[in-house]
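Chemist: If you read the sequence shown in numbering that gives the first Met the number 0, its first letter stands for residue 0, the second for the next number, and so on.
A virtual CB, placed ideally from N, CA and C, is assigned to each residue, including glycine.
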Amino acid sequence: MTPTVYTMGYEGRKPADLLMIAERLDATIVDIRYRAWSAHPQWRHGALREFLGDRYARCVQLGNKRYREPANADGSRQIELVDAAAGAQYVLEHPHSVILMCGCRNAETCHRSNVARLLIDQYDQRVFEIMWARGANASGILWAAYDWAEVDSWAGKD
Ligand SMILES: [Zn+2]
0 MTPTVYTMGY EGRKPADLLM IAERLDATIV DIRYRAWSAH PQWRHGALRE
50 FLGDRYARCV QLGNKRYREP ANADGSRQIE LVDAAAGAQY VLEHPHSVIL
100 MCGCRNAETC HRSNVARLLI DQYDQRVFEI MWARGANASG ILWAAYDWAE
150 VDSWAGKD
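1) If you follow the alpha helix (DSSP H) that I31 is part of, which residue opens it and which one closes it?
2) In whole angstroms, what is the alpha-carbon distance linking T6 and E128?
3) What residues in its chain sit with their C-beta under 8 Å from that of Q121, if we drop five residues either side in the sequence?
4) Take the Cβ of G74 as the centre, count every other Cβ of all protein chains shown within 10 Å, and call the residue buried at 16 or more, exposed below.
5) In the DSSP output, which residue or residues are listed as bridge partners for I129?
6) Rounded to whole angstroms, what is the Cα-Cα separation between Q60 and H39?
7) Look up Y122 in the DSSP assignment and say whether it is helix, strand or coil.
Set out below in structure tokens:
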């Protein structure tokens, strides 16, 4: 059983930030982008693999096949996971905590929201979104984890 499942978007951050969080949580960063590619070289599969080493894995089964399609007027996206059941199994059988990573800054319109809902509704798994702070607080904390089960109360948090 996976200890804890987190989700996260890397936009606006640096790979070093991800490594810091992964080490703090003793977690594996699981790339759930359909294509592990970015216009920014540091976010491509090979660069992440090299930088994060054993703390990086991919789970294309949780990728969104329709990621290229434009967003709807309300900002929501067309979402169809590659293989939701296989992806959920991968997460739930992972030996460490996992941080499911996409690029999107907005968690609620990203396909990771569908993945979180899937794990909560069908597998009774708690899932937490890691949100970045704009700056460190007095304790030097740069991020916080919010329960996806309480997503309706997230408004205003960033
Ligand atoms: Zn996304």
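Modeler: This is what the structure gives:
1) For the purposes of this step, residue 31 is taken as the residue at position 32 of the sequence shown. Counting along the chain, I31 falls outside any alpha helix (DSSP H), and DSSP gives it neither H nor E.
2) Counting from one through the sequence shown, the residue named residue 6 turns up at place 7. Counting from one through the sequence shown, the residue named residue 128 turns up at place 129. C-alpha separation (whole angstroms): 5 Å.
3) Taking the sequence shown and counting its residues from 1, the one referred to as residue 121 is at position 122. Answer for Q121: A87, listed in chain order.
4) Counted from its first residue, the sequence shown places residue 74 at position 75. Residue environment: G74 is assigned as exposed (fewer than 16 neighbouring CB atoms within 10 Å of its CB, all protein chains considered).
5) Taking the sequence shown and counting its residues from 1, the one referred to as residue 129 is at position 130. Bridge partners of I129: A144.
6) Indexing the sequence shown from 1 puts residue 60 at position 61. Indexing the sequence shown from 1 puts residue 39 at position 40. Their Cα atoms are separated by approximately 23 Å.
7) Translated into positions along the sequence shown, residue 122 becomes position 123. DSSP places Y122 in helix when its eight states are reduced to three.
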